[in-house]
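Data block below; observations after.
Numbering (our numbering), first residue to last: 1 to 71.
Shown next, in the form of structure tokens:
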């Protein structure tokens, strides 16, 4: 999405007030946090769902659920 909008990682990082490395990390690993997706979406003029990595989010929920069951 960032590339389609012709925005450099450094520019997106500046607008988000994060490091370029953080933007790079989210692009490589995927965004699983809704709040982060909302921040990115506001700048990229899209819906947060378009940016979410639902596979990663599912894995986080599975891990969280497993931790709850083990207690």
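No residue lacks a Cβ here, since even glycine has one placed at the ideal position from N, Cα and C. Owing to the predicted nature of the structure, the values given are computational and were not obtained by experimental measurement.
Proximity of residue i and residue j at Cβ, strictly below 9 Å
| i | j | result |
| --- | --- | --- |
| residue 5 | residue 44 | yes |
| residue 51 | residue 1 | yes |
| residue 53 | residue 20 | no |
Backbone CA spacing between residue i and residue j [nearest angstrom]
| i | j | result |
| --- | --- | --- |
| residue 35 | residue 25 | 16 Å |
| residue 9 | residue 23 | 6 Å |
| residue 41 | residue 48 | 5 Å |
| residue 7 | residue 33 | 21 Å |
| residue 18 | residue 27 | 14 Å |
Own chain residues within Cβ distance below 6 Å of residue i, not counting five before or after
| i | result |
| --- | --- |
| residue 12 | 2, 23 |
Cut-off 7 Å between Cβ atoms - residues of its own chain near residue i, not counting five sequence neighbours on either side
| i | result |
| --- | --- |
| residue 31 | 37, 40, 51, 52, 53 |
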